[in-house]
Amino acid sequence: MINKDDAISSLRPDSEWVRRGEELEWLDTTQTQPTDAEITAEITRLQAEYDSQEYARNRKAEYDQLNQFEMIFDDDRDGTTTWVDTINEIKGRHPK
Amino acid sequence: MAIVINGSGTVTGISVGGLPDDIVDAGTLADNAVGLAQMAGGTDGNIITYDTSGNPAVVATGSDGQILTSAGANAVPAFETAAAGGKVLQVVSNTWTIETSVASTSYASVGYSPTSITPSATTSKILILVNFMAFIRFDDEGYQYASFKITRDTNTTVREFGRAIIEHEMGFSWAGQPPGNTAKVWGGNFGMSFLDSPSSTSSLEYALAMKCLTTASTGRVILNEAGYEAASTITLMEIGA
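Heads up: the sequence lines are chains A and B, in that order.
The C-terminal position of the first sequence is numbered 122 in my numbering, with every residue numbered one higher than the one before it.
The C-terminal position of the second sequence is numbered 392 in my numbering, with every residue numbered one higher than the one before it.
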């Protein structure tokens, strides 16, 4: 879940600030404080970006469960297509 | 007056002091027959006891505020000044759940943490107990840490706990980690305590402050992170001298 901190860090990288609940204290002397509207818009943008990558996160979680090097080796040795078939199956279940 | 024995169990005609001395024994007195009115007067504030010989005696009247103290077996109790009691004179506690994020390399106070106490004597000490849940955030490989300190009246550092959370090349993931992002979060529940000697009878405000090593790569330290049902507490105890 994208929050206000993520939006501030995205809008003003490396900036210095403190957020106490909903109150933002701006400490940075080189960058200007983003407006509430900018922060809200950035939260929406980052959340959309995050949501759009859900398929990739799901695929990666399953890829990480595989011993892919061994699968590739076994396929090469045995003339099978287990690795390709498994990757295709995961991609099919988590389409873009 | 003539002494009359009427034959029905009643003797009349005996005047006060008319019986010989020392002839009434315990068996002659009925149980519960002696009331306050029958007892000889005494000194106000005295308490009836028994001396070391087992004879009735009185405990001498004490002074205002003194308490009756047993001296144990074979000794008469006495009124004495009470020994010093418990040393905890007062307790103040503050619990908050509001999230605070500090993206700063200088100390910044944690919201809702300021807690006040007014010592009753300049010789009192203040025992400060702080418990909190905190995480450091860093979206890059490398080194990040968070330091904490307890402040008194904003500007006085009571005690610093430097680098309480340290992350170095750890592989932890953040729940909201975007794909390909190396965001890392490291932390947990922490406790700090310190015995302060403020030498004051004025209202004192203690608070928690924190900072992180770097704000680069979204570096920050987060206390009471939302979604973790976290709570933080500051408890102040005045300890008598």
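Glycine residues also receive a C-beta, built at the ideal position from the N, C-alpha and C atoms.
Checklist entry - Whole beta strand (DSSP E) runs in the region 331 to 369 of chain B with 3 or more residues, listed along the chain? => result 335 to 347 and 355 to 363
Checklist entry - Does DSSP put B:Val167 in a helix, in a strand, or in coil? => result coil
Next on the checklist: For B:Ala377, tell me which candidate among B:Tyr296, B:Ala285, B:Thr366 and B:Val227 has the shortest Cα-Cα distance.
Outcome noted: B:Ala285
Checklist entry - Is the CB of B:Ala392 under 8 Å away from at least one CB in chain A? => result no
Next on the checklist: Let's see if you can read the secondary structure: which residues bound the alpha helix (DSSP H) around A:Lys117?
Outcome noted: Thr108 to Arg119
Item to check | Contact residues within the region 250 to 268 of chain B, judged by C-beta distance below 9 Å to chain A | outcome: Glu250, Thr251, Ser252, Val253, Ala254, Ser255, Thr256, Ser257, Ala259, Ser260, Val261, Gly262 and Tyr263
Checklist entry - Using a beta-carbon distance below 8 Å, is B:Ala367 in contact with chain A? => result yes
Next on the checklist: Below 7 Å on C-beta distance, what does A:Asp62 contact in chain B?
Outcome noted: Per Cβ cutoff of 7 Å: no residues; A:Asp62 is ~16 Å from chain B at best.
Next on the checklist: What are the residues in the region 345 to 371 of chain B lying within 9 Å of chain A by C-beta distance?
Outcome noted: Thr365, Thr366, Ala367, Ser368, Thr369, Gly370 and Arg371
Next on the checklist: Against chain B, does A:Arg46 count as a neighbour if the rule is that its beta carbon must be under 8 Å from one of theirs?
Outcome noted: yes
Item to check | Proximity below 8 Å, CB of B:Gly193 to CB of B:Val209 | outcome: yes
Checklist entry - Which residues in the same chain have their Cβ closer than 8 Å to the Cβ of A:Glu51, if we skip the five residues on either side of it in sequence? => result Trp43, Val44 and Arg45
Checklist entry - Using a beta-carbon distance below 8 Å, is A:Trp43 in contact with chain B? => result yes
Next on the checklist: So A:Glu49 contacts chain B; which residues on that side make the cut at Cβ distance below 9 Å?
Outcome noted: Gly262
Next on the checklist: For chain B, check one thing: does any of its Cβ atoms lie closer than 8 Å to the Cβ of A:Leu37?
Outcome noted: no
Next on the checklist: Strictly by DSSP, which residues pair up with B:Leu387?
Outcome noted: B:Val243 and B:Ile279
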